[in-house]
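Presented below is the structure to which this report refers.
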Amino acid sequence: MARSTWGRPAGRPYMDCHKINLKMLKNRLIPVLLLRNGIIVQSRGFKRYQPLGNPVAMVRRLNVWTTDELIYLDISPGSVYDTGRDDHRDGNRSSLLGIIRDISDACFMPLTFGGRIRSIDDMRQYLSAGADKVTINTQAIANPEFISEGAKVFGAQCIVVSIDVKINDNGDYEVYTERGRVPTNLDPVKWAKEVEERGAGEIFLNSIDRDGTGKGYDLNLIKKVTDSVSIPMIVCGGVGEWAHFADGLKMGGVSAVAAANIFNYTEQSVYNAKKYLYENGFNIRKHALIDDTLRDKSSKNN
Amino acid sequence: MNNKRVVILDDGCSNVRSVFNAFRAFDSDVKITNAFNDIRDASHIVLPGVGAYAECKTGLCKFNLVELLQKEVIEKGKPFLGICVGMQALATLGKEFGEHQGLDWIAGIVDKIDTSKSKLRLPHVGWNELSIMKSNPLFEGIEPGTTFYFVHSFQFRPKDDSVVSSFCDYGVQVTASVQRDNIFGVQFHPEKSQSAGIRLLKNFTGIN
Chain A
1 MARSTWGRPA GRPYMDCHKI NLKMLKNRLI PVLLLRNGII VQSRGFKRYQ
51 PLGNPVAMVR RLNVWTTDEL IYLDISPGSV YDTGRDDHRD GNRSSLLGII
101 RDISDACFMP LTFGGRIRSI DDMRQYLSAG ADKVTINTQA IANPEFISEG
151 AKVFGAQCIV VSIDVKINDN GDYEVYTERG RVPTNLDPVK WAKEVEERGA
201 GEIFLNSIDR DGTGKGYDLN LIKKVTDSVS IPMIVCGGVG EWAHFADGLK
251 MGGVSAVAAA NIFNYTEQSV YNAKKYLYEN GFNIRKHALI DDTLRDKSSK
301 NN
Chain B
1001 MNNKRVVILD DGCSNVRSVF NAFRAFDSDV KITNAFNDIR DASHIVLPGV
1051 GAYAECKTGL CKFNLVELLQ KEVIEKGKPF LGICVGMQAL ATLGKEFGEH
1101 QGLDWIAGIV DKIDTSKSKL RLPHVGWNEL SIMKSNPLFE GIEPGTTFYF
1151 VHSFQFRPKD DSVVSSFCDY GVQVTASVQR DNIFGVQFHP EKSQSAGIRL
1201 LKNFTGIN
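Protein chains in written order, with our numbering: chain A, 1 to 302; chain B, 1001 to 1208.
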């Protein structure tokens, strides 16, 4: 069973991780989908985007792979939404809420939605359209009180604060906002602590430098932030092979490992990623290929 | 074929649409409503809950539902399912953002999961395995070891342990489901727990 392409010695379970047979909370594996003007895209360095396809069809595929959870980010620069083709079976959708509703109808897994959330009303709209949690970034930095307000109305468990980090010219980690365009002078560790204090339920930590590179997570950054807070951490940015997920989980304290591109370009990606982690002894929900109940539901919808 | 009519109450801050979709997955007759007529005509009543404790109960009060539910569930004995905060609302008292009275259908309190010893992170988010304590029609056909999706920081601690039908482990025993007669509550989200969750909801609609 040589798995040389995964960059790990074959057949050696990780000794330092949890035993899988214990009854306990599983680590999550989370695909991230990026929506840009109605189309799913691939991102590199938060700057270059390549179109991949229809926003609902992707979700439907992930749904039948017993995916643990899904993060869906709207990174559109304007507010034009066009799923592109009227002849597609999912029809054309010109509004974001319409797209979220379609996604949620196809989605029997937890759905976190983010992108341009500026008010409690925005949150309410997305949640009632079918999101389970919302992730906020720019508005949380502009007005940190927004985090507490959201937690108070919807519960802390509902508010995921997304932190995008880049190494600046001085070689220090710095939080960026506005989809990686605007530096904030904030140190990620300090900001993470404040986010926790203000009542966020989870942190979604992203490395801008690693985004789309396939070089693996920025483990140094992950360790710093993870050790500084006691709310669950979802980490993202840089996964290019299954072993990178393992590296993230081995850090300890990481609750969920996320990635975008690798799930889009690999056949049966969730299945294979989970299989890899499960077989290497990680505390993860077992891989399963098709969930019959949900497949029935998907076909009934059309 | 059957005259099961499920109503999902809308407290104004929950993701009721997911719950609706999950019931639709097995073609049940289901409606999201707070209308008195619908609730009176229903055979099964579901109270989802995503929001904070106070907001959930406030929602019920806002729509003047408490008295009606009392009648339909306690007096008439219609099967009732509370999900997440909807289950916590069954308690006597909730301690999220201050103290708030619950429905008091199952005596107990709702307070923060104790992680002082385990040092585990809160909220408790993700897929966890249940230990099923007593046979319960909700869990029929659900295999041991099945995982369900949880997302919460507060847990229901009933006064009488015998109402706890399952728990999960998160450093301490966390109440995963409760039952007293026709009143059911689950802390996890069946509507987000894929096939096992849909099976559980289907089991619920099978209860008379």
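Using N, Cα and C, we set each Cβ at its ideal position, and we do this for glycine too.
If you're wondering where the values come from, they're calculated on a predicted model, not measured in any experiment.
message = On the DSSP letters alone, give me the boundaries of the alpha helix (DSSP H) that valine 41(A) sits inside.
response = From DSSP, valine 41(A) is part of no alpha helix (DSSP H) but of the beta strand (DSSP E) over 39-44.
request  = Would you list the one or two residues that DSSP bridges to valine 1178(B)?
outcome  = Val1164(B) and Gly1185(B)
task = With hydrogens ignored, establish whether the beta-carbon of threonine 184(A) is closer than 6 Å to any heavy atom of the ligand MN.
result = The ligand MN is not part of this structure, which contains no ligands at all.
query = Closest by CA to glutamine 1187(B), which one among Asp1169(B), Phe1204(B) and Phe1156(B)?
reply = Phe1156(B)
request  = Determine which residues share a DSSP beta bridge with proline 183(A) and list them.
outcome  = Tyr176(A)
message = Taking its Cβ as the centre, do 16 or more other Cβ atoms sit within 10 Å of glutamate 1191(B), making it buried, or is it exposed?
response = buried
key: Same chain, Cβ closer than 6 Å to asparagine 27(A), neighbours up to 5 away in sequence not counted   = Leu249, Asn283 and Ile284
Residues of the stretch 1090-1122 of chain B whose Cβ lies closer than 9 Å to any Cβ of chain A, in chain order = Glu1096, Phe1097, Thr1115, Lys1119, Leu1120, Arg1121 and Leu1122
task = Would you list, in chain order, the members of the stretch 211-244 of chain A that have their beta-carbon closer than 7 Å to a beta-carbon of chain B?
result = Ser230, Ile231 and Pro232
task = Would you be able to state if there are at least three C-beta pairs under 8 Å between the stretch 256-263 of chain A and the stretch 136-143 of chain A?
result = no
request  = Under 8 Å by Cβ, that's how I've got glycine 180(A) and aspartate 164(A) pegged, so tell me the actual separation to the nearest angstrom.
outcome  = 6 Å
query = Shorter than 7 Å from the beta carbon of glycine 1086(B) to some beta carbon of chain A?
reply = no
task = Return the CA-CA distance between tryptophan 242(A) and tyrosine 126(A), expressed in angstroms with no decimal places.
result = 32 Å
query = Given a threshold of 16 other Cβ atoms within 10 Å of its Cβ, counted over all protein chains shown, does valine 1184(B) qualify as buried or as exposed?
reply = The question names valine, but residue 1184(B) in the sequence shown is phenylalanine. Buried, by the Cβ-count rule.
message = Would valine 1073(B) and phenylalanine 1063(B) qualify as a contact pair, given that the criterion is a beta-carbon distance under 7 Å?
response = no
request  = Determine the closest residue to leucine 219(A) out of Gly199(A), Met251(A) and Arg198(A), with distance taken between C-alpha atoms.
outcome  = Met251(A)
key: Residues, ordered as in the chain, of the stretch 1003-1026 of chain B that lie near chain A by beta-carbon distance below 7 Å   = Cys1013, Asn1015, Arg1017, Ser1018, Asn1021, Ala1022 and Ala1025
inquiry  = Once the 5 residues before and after lysine 193(A) are set aside, which same chain residues still bring their CB inside 7 Å of it?
reply    = Ser228 and Val229
Closest Cα partner of isoleucine 71(A) within the set Gln50(A), Ile159(A) and Ile120(A) = Ile159(A)
request  = Can you check the stretch 1044-1103 of chain B for any alpha helix (DSSP H) of at least 4 residues that lies completely inside it and give the ranges in chain order?
outcome  = 1053-1062, 1065-1069 and 1085-1088
query = What residues in the stretch 108-125 of chain A bring their beta carbon closer than 9 Å to a beta carbon of chain B?
reply = Phe108, Met109, Pro110, Leu111 and Arg124
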